[in-house]
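Residue numbers for the sequence shown follow the numbering used here, beginning at 1 and rising by one.
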Amino acid sequence: MLKKIIIEYLLKKNISPSREFLDFLDTNTTELSSFNQITDSGQFTEIEDLAYQLDSIYSDNDRKKNGIYFTPKKIANLMGCYSLHIKNTIDIPNIFDPAIGSGIFLLTIAKELVKSSNVDIIKIIENHLFGVDIVKENVILSKILLGTLSYELKRSLPKKFNLVQLDSLSLTEKSVKSLFSIEHFDIVISNPPYVSGEQISDDTKIYFKHYPNTVYGNPDLYIPFFELGLKLLKPSGIGAFITPNSYFRSQNGKKLRAYLRDKTEVIKLINFNSDLVFDDISHYSAINFFIKKSNDQQQNRMYFLDNYHNNITVKDFNWMQMNPIDSWHTLNLIEKSIITKLENLSETTLNNLKFQNGVATQRNNIFMFKVLHEDEDFYYFENDSKKFQVEKYITRPFVLPNKSNRDDSLRIIFPYQYENNSDIVPITPEEMLNNYPFCLEYLKTFKDELNMRKSDKNMKYWYLYGRSQGLKQYGPRLYIPYMANRVTTSLSTSNDEVFAAGYAIFSSNLLLLSTISKILESKLFSFYISKVSKPYSSGYFSTAKNMIKNLSIPDIKEISNLDVKKLTDDKLYELYNLTQEEVSYIERSF
1 MLKKIIIEYL LKKNISPSRE FLDFLDTNTT ELSSFNQITD SGQFTEIEDL
51 AYQLDSIYSD NDRKKNGIYF TPKKIANLMG CYSLHIKNTI DIPNIFDPAI
101 GSGIFLLTIA KELVKSSNVD IIKIIENHLF GVDIVKENVI LSKILLGTLS
151 YELKRSLPKK FNLVQLDSLS LTEKSVKSLF SIEHFDIVIS NPPYVSGEQI
201 SDDTKIYFKH YPNTVYGNPD LYIPFFELGL KLLKPSGIGA FITPNSYFRS
251 QNGKKLRAYL RDKTEVIKLI NFNSDLVFDD ISHYSAINFF IKKSNDQQQN
301 RMYFLDNYHN NITVKDFNWM QMNPIDSWHT LNLIEKSIIT KLENLSETTL
351 NNLKFQNGVA TQRNNIFMFK VLHEDEDFYY FENDSKKFQV EKYITRPFVL
401 PNKSNRDDSL RIIFPYQYEN NSDIVPITPE EMLNNYPFCL EYLKTFKDEL
451 NMRKSDKNMK YWYLYGRSQG LKQYGPRLYI PYMANRVTTS LSTSNDEVFA
501 AGYAIFSSNL LLLSTISKIL ESKLFSFYIS KVSKPYSSGY FSTAKNMIKN
551 LSIPDIKEIS NLDVKKLTDD KLYELYNLTQ EEVSYIERSF
């Protein structure tokens, strides 16, 4: 049980718990029965180890719902130490964590203050540490661990803890003053909850309207925490957040990037790139330090750490300046040189080409089918363990660019037709009944499910695709997946195909498409997207046009002189004028 674990932790340090401390544990552990699963304290040598073990007990469902992911001790220590280093004041700073979890940041920063300034731990806890969390158990746990730290160092307990359970995004400067008798803080430090935009509850989304400067599109939950942090910082106050690094380049992070540059005088980034910081989540992370502007005339400066490694200390940080325009790229000198060459081979870039999204049926499992057999008029297939047939002429070949191998047996029901002016129009219910009765009957089987889609408001008939995007798919095209680590493309000259779950580049110039195919499938392009595009899990990066639009390609005249079959990785290195040092740098990344 939790009480026993904490007592054993103290006894190993030759500290005997007093009656007062035991009563403190009894009072606060009764509501934490779920934490009684931990039975072994043998591995705990520091209070942070205990925090880590206790935090890891949450179920996968609780973690996903509330975005609970424990910050490793070395990361928390680095963030706390560098925040104090930047602040560099003889006064004890007021420190706030808007998502305290098990209290790892408050614990590490309190220990550092005691160590570096010889300040009384009880004074620090009572007057200078503040935190909130949406999860009640986290607040209680943080209180227990801070109390244990106080008893370990001072053999006494604080008379008060400034820890409150509530949704952080509901906070305002006024409510903070009501809670803590203080409006602004010297340091705001946190690991904000990571919940993807699709998973955020409606109760939490209500508060998004209070964060108009950062909330854009369908943002992940951590994004408005930056705006909250800056609101609650004093002028020249320090922010220190560890978050996903996807906002550096994503559309959803567009407003956040602009807001941070507008409201801060300094931003310093430690980008972990594809190194995973958290044991149990596969997103890529970055530490974000920022200093709030003291006046509007100050110009923002940005830096990133070029020499991070596991054993690095604050005094060894080597910051390199950045000059971002829109997206943020943390590139060292050789990476910057390579990217510059890739984006300036010619005046022609991918942005000059026609990219198109695939169709969005919002129920591919209904419209798509795998042909089992066919006759002159019908395709036959199974869905939901039932056999169906549909008229051939209402279907098209279906391509999924995100699949490396094409399946020629895939078809898709296409309830549209071309008019003489090449416009796409829906097939009417009357035409469906008269010309495609088997298809209509099949779709009626799933009508309730189709009606549940969040479709375009102007969708005319219930059996149409959920969105009207990507319906005009005419002409030769090069298929590419939504995301990849090594891109696989597919060239098609069919005017009959429909695709989804990917993009297509359209052009009547087949030599151009073949050349682009070689470039996109190369090591060079894999390196490029790893440096400029939005990261996903498992080493994948977005291939969306807005991410890769600046990649230059040979102009049409030069392409006509190329032997596409011989466009190997080595030939592409030569084509883009890379030095041997740059080539070796790219090769080492594979």
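Glycine residues also receive a C-beta, built at the ideal position from the N, C-alpha and C atoms. These numbers were taken from a predicted model, which means no experiment stands behind them.
Should residue i be labelled buried (16 or more other beta-carbon atoms within 10 Å of its own) or exposed?
{"i": "Arg-19", "result": "exposed"}
{"i": "Ile-206", "result": "exposed"}
{"i": "Val-314", "result": "exposed"}
{"i": "Lys-143", "result": "buried"}
{"i": "Asn-458", "result": "exposed"}
{"i": "Tyr-393", "result": "exposed"}
{"i": "Leu-567", "result": "buried"}
{"i": "Pro-244", "result": "buried"}
{"i": "Tyr-284", "result": "buried"}
{"i": "Gln-299", "result": "exposed"}
{"i": "Asp-448", "result": "exposed"}
{"i": "Lys-255", "result": "buried"}
{"i": "Asn-295", "result": "exposed"}
{"i": "Ile-223", "result": "buried"}
Where residue i and residue j are concerned, what is the direct C-alpha to C-alpha distance, given to the nearest angstrom?
{"i": "Pro-324", "j": "Asn-288", "result": "15 Å"}
{"i": "Val-176", "j": "Asn-162", "result": "11 Å"}
{"i": "Val-119", "j": "Leu-113", "result": "6 Å"}
{"i": "Thr-543", "j": "Phe-590", "result": "19 Å"}
{"i": "Pro-426", "j": "Ile-412", "result": "15 Å"}
{"i": "Asp-265", "j": "Gln-321", "result": "The identity of residue 265 in the sequence shown is Glu, whereas the question assumes Asp. One C-alpha to the other measures close to 13 Å."}
{"i": "Ile-242", "j": "Leu-233", "result": "17 Å"}
{"i": "Gln-389", "j": "Phe-438", "result": "6 Å"}
{"i": "Glu-441", "j": "Phe-414", "result": "15 Å"}
{"i": "Lys-386", "j": "Leu-513", "result": "41 Å"}
{"i": "Gly-237", "j": "Phe-185", "result": "7 Å"}
{"i": "Val-371", "j": "Glu-431", "result": "24 Å"}
{"i": "Asp-592", "j": "Arg-301", "result": "In the structure as shown, the chain begins at 1 and stops at 590. Residue 592 is therefore absent and cannot be evaluated."}
{"i": "Tyr-418", "j": "Thr-428", "result": "13 Å"}
{"i": "Asp-97", "j": "Tyr-540", "result": "32 Å"}
{"i": "Leu-2", "j": "Thr-29", "result": "7 Å"}
{"i": "Lys-174", "j": "Phe-24", "result": "31 Å"}
{"i": "Gln-165", "j": "Ile-5", "result": "25 Å"}
{"i": "Arg-467", "j": "Ile-424", "result": "13 Å"}
{"i": "His-210", "j": "Phe-180", "result": "21 Å"}
{"i": "Asn-665", "j": "Tyr-474", "result": "Past the boundaries of the shown model lies residue 665; the chain is included only from 1 to 590, so the question cannot be answered."}
{"i": "Pro-476", "j": "Asp-375", "result": "29 Å"}
{"i": "Leu-149", "j": "Asn-357", "result": "55 Å"}
{"i": "Asn-213", "j": "Lys-565", "result": "50 Å"}
{"i": "Tyr-52", "j": "Phe-70", "result": "7 Å"}
{"i": "Tyr-482", "j": "Lys-159", "result": "55 Å"}
{"i": "Ile-140", "j": "Leu-106", "result": "14 Å"}
{"i": "Phe-317", "j": "Arg-406", "result": "49 Å"}
{"i": "Phe-355", "j": "Thr-515", "result": "16 Å"}
{"i": "Asp-408", "j": "Arg-396", "result": "11 Å"}
Can you check whether the CB of residue j is closer than 8 Å to the CB of residue i?
{"i": "Gly-253", "j": "Ser-246", "result": "yes"}
{"i": "Tyr-463", "j": "Leu-450", "result": "yes"}
{"i": "Thr-330", "j": "Phe-367", "result": "no"}
{"i": "Leu-260", "j": "Phe-290", "result": "yes"}
{"i": "Met-547", "j": "Arg-249", "result": "yes"}
{"i": "Gln-580", "j": "Ser-455", "result": "no"}
{"i": "Lys-531", "j": "Ile-339", "result": "yes"}
{"i": "Phe-21", "j": "Leu-145", "result": "no"}
{"i": "Phe-525", "j": "Val-487", "result": "yes"}
{"i": "Asp-220", "j": "Ser-201", "result": "no"}
{"i": "Gly-80", "j": "Ile-109", "result": "yes"}
{"i": "Ile-47", "j": "Glu-137", "result": "no"}
{"i": "Ile-182", "j": "Asn-94", "result": "yes"}
Round the Cβ separation of residue i and residue j to the nearest angstrom and send it over; I've been treating them as touching at under 8 Å.
{"i": "Lys-293", "j": "Lys-263", "result": "6 Å"}
{"i": "Leu-551", "j": "Glu-343", "result": "6 Å"}
{"i": "Ile-529", "j": "Ile-505", "result": "That belief does not hold up - the Cβ atoms of Ile-529 and Ile-505 are roughly 15 Å apart, past 8 Å."}
{"i": "Ile-121", "j": "Asp-167", "result": "That pair is no contact at about 29 Å."}
{"i": "Ser-560", "j": "Leu-491", "result": "No, Ser-560 and Leu-491 are not in contact; Cβ-Cβ is about 18 Å, not under 8 Å."}
{"i": "Ser-508", "j": "Thr-489", "result": "No, Ser-508 and Thr-489 are not in contact; Cβ-Cβ is about 17 Å, not under 8 Å."}
{"i": "Glu-391", "j": "Tyr-436", "result": "5 Å"}
Residue i: beta carbon under 7 Å from a heavy atom of the ligand GTP?
{"i": "Ala-360", "result": "What this structure holds is no ligand at all, so the ligand GTP is not there to describe."}
*asked:* Would you call the stretch 568-588 in contact with the stretch 323-340, where contact means no fewer than 3 C-beta pairs closer than 8 Å?
replied: yes
*Is there contact here, the stretch 348-359 with the stretch 546-565, by at least three beta-carbon pairs under 8 Å?*
yes
_Closer than 8 Å is the cut-off here; do at least three beta carbon pairs connect the stretch 530-549 with the stretch 574-581?_
The stretch 530-549 and the stretch 574-581 do not touch, with fewer than 3 CB-CB distances between them shorter than 8 Å.
*Three or more C-beta pairs closer than 8 Å, one from the stretch 375-384 and one from the stretch 520-534: is that the case here?*
As far as the Cβ criterion goes, the stretch 375-384 does not touch the stretch 520-534, which means the pair count is below three.
*Cβ contact check for the stretch 390-407 and the stretch 491-503: 3 or more pairs under 8 Å*: Enough Cβ pairs lie closer than 8 Å, so yes.
*Can at least three beta-carbon pairs, one atom from the stretch 94-102 and one from the stretch 190-200, be found at a separation below 8 Å?*
yes
*Any chance the stretch 124-138 sits against the stretch 76-87, with 3 or more Cβ pairs inside 8 Å?*
no
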